[in-house]
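Enquirer:
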Amino acid sequence: MILFFENSSGNIIAVGTTTLLSENEIEKLTWLFGEATLLQKNIIEGRFIGPRREMITPWSTNAVEITQNMGINSIVRIEEFFKVRSGDPEYDPMLQAIYNDPDQKIFTIDHKPENVIYVEDIRYYSDKEGLALNDDEIKYLDDLALSIKRPLTDSEVFGFSQVNSEHCRHKIFNGIFIIDSEEKDSTLFQLIKNTTHFNRNKVVSAYKDNCAFLQGPVAEQFAPVSQNKPDYFEVKNYESVLSIKAETHNFPT
Numbered sequence: 000m001i002l003f004f005e006n007s008s009g010n011i012i013a014v015g016t017t018t019l020l021s022e023n024e025i026e027k028l029t030w031l032f033g034e035a036t037l038l039q040k041n042i043i044e045g046r047f048i049g050p051r052r053e054m055i056t057p058w059s060t061n062a063v064e065i066t067q068n069m070g071i072n073s074i075v076r077i078e079e080f081f082k083v084r085s086g087d088p089e090y091d092p093m094l095q096a097i098y099n100d101p102d103q104k105i106f107t108i109d110h111k112p113e114n115v116i117y118v119e120d121i122r123y124y125s126d127k128e129g130l131a132l133n134d135d136e137i138k139y140l141d142d143l144a145l146s147i148k149r150p151l152t153d154s155e156v157f158g159f160s161q162v163n164s165e166h167c168r169h170k171i172f173n174g175i176f177i178i179d180s181e182e183k184d185s186t187l188f189q190l191i192k193n194t195t196h197f198n199r200n201k202v203v204s205a206y207k208d209n210c211a212f213l214q215g216p217v218a219e220q221f222a223p224v225s226q227n228k229p230d231y232f233e234v235k236n237y238e239s240v241l242s243i244k245a246e247t248h249n250f251p252t
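Each residue of the sequence shown is one higher than the one before, counting from 0 in numbering that gives the first Met the number 0.
(1) If I measure Cβ to Cβ from residue 41 and keep anything under 7 Å in the same chain, skipping five residues before and after, which residues do I get?
(2) Hey, could you find the ends of the beta strand (DSSP E) residue 291 is sitting in?
(3) Would you list the residues sitting across from residue 242 in a DSSP beta bridge?
(4) From residue 144 to residue 245, what does the alpha carbon distance come to, in whole angstroms?
(5) Using the DSSP secondary-structure output, state which residues sit across from residue 326 in a beta bridge.
(6) When the Cα atoms are used, what is the spatial distance from residue 66 to residue 31?
(7) Report the three-state DSSP secondary structure of residue 2 (helix, strand or coil).
(8) Under a Cβ-count criterion, where at least 16 other Cβ atoms within 10 Å of its own Cβ denotes burial, should residue 76 be classed as buried or exposed?
(9) For residue 91, which option in 51, 114, 201 and 58 has the closest C-alpha, if you only look at C-alpha atoms?
(10) What does DSSP give as the partner residues of residue 80 in its beta bridges?
(11) Using a threshold of 8 Å, state whether the C-beta atoms of residue 160 and residue 132 are closer than that.
Take a look at the structure:
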């Protein structure tokens, strides 16, 4: 369900929640939103500019995290919608949309997937879409289509082109090397991973994305004693986890 709060500027804060909120939780939100008023309405009359429903904003992510720290665990999204005060308002259509009389479907996404496209001629499709597949790759895909007894889909051919591009390099680092007629036991990426395999030390997670996590020291957090009202700050100890990131861009490490 969606709860609508109106702040002092006349803008609307929409709160998406999976359960009914208690009176105490609503009081916390009222304080958090600068003494905004909870509107007892399912539909808000008027025109508003707000984020596209398909895109959860960083503002929403931070706001939801704040409510979780306040002990409200059923909120999934919070967005602010600005009241339109002129006939032809300026807004960024890439990030925003105009909402007429926002209602309970303000966060609902009802897009339907497009029909699956089967690629009968891979060479023609590669030239048409600029995939730059070479003869060996086209033959591999043609043979694959024969083996599974159906044409490949556009997403399959496009995905194959992406993972085999020089931009990605997984083709090279995860490929089997045959040097002087001898097949090597390990891929390049397996050799890289071996350093962690044989020396785990304090590694929590590695090679899952563009960063790794290491067990860190006991750290101090300086934060308010209470999250729902002005309060004194205190120091708390917690077990830290360190994020190690190196954006080499073209390499899987």
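Ideal Cβ positions, reconstructed from N, Cα and C, are used throughout, including at glycine.
Expert: For this structure:
(1) Position 42 of the sequence shown, counting from 1, holds the residue named residue 41. 102 and 103, listed in sequence order.
(2) In the structure as shown, the chain begins at 0 and stops at 252. Residue 291 is therefore absent and cannot be evaluated.
(3) Working through the sequence shown from its first residue, we reach residue 242 at position 243. 212.
(4) Here residue 144 refers to the residue found at position 145 when the sequence shown is read from its first residue. Here residue 245 refers to the residue found at position 246 when the sequence shown is read from its first residue. The alpha-carbon atoms of residue 144 and residue 245 are separated by roughly 38 Å.
(5) This structure leaves residue 326 out entirely; the chain is present only between 0 and 252.
(6) Walking along the sequence shown from the start, residue 66 turns up at place 67. Walking along the sequence shown from the start, residue 31 turns up at place 32. So the two alpha carbons sit approximately 9 Å from each other.
(7) For the purposes of this step, residue 2 is taken as the residue at position 3 of the sequence shown. Residue 2 falls in the strand class under three-state DSSP.
(8) Numbered from 1 along the sequence shown, position 77 holds the residue referred to as residue 76. By the 10 Å Cβ count, residue 76 comes out buried.
(9) The count along the sequence shown starts at 1 and reaches residue 91 at position 92. Residue 91 has its Cα closest to that of 51, out of 51, 114, 201 and 58.
(10) The sequence position of residue 80 within the sequence shown is 81, counting from 1. According to DSSP, residue 80 bridges with 11.
(11) The count along the sequence shown starts at 1 and reaches residue 160 at position 161. The count along the sequence shown starts at 1 and reaches residue 132 at position 133. Yes, these two residues count as a Cβ contact at 8 Å.
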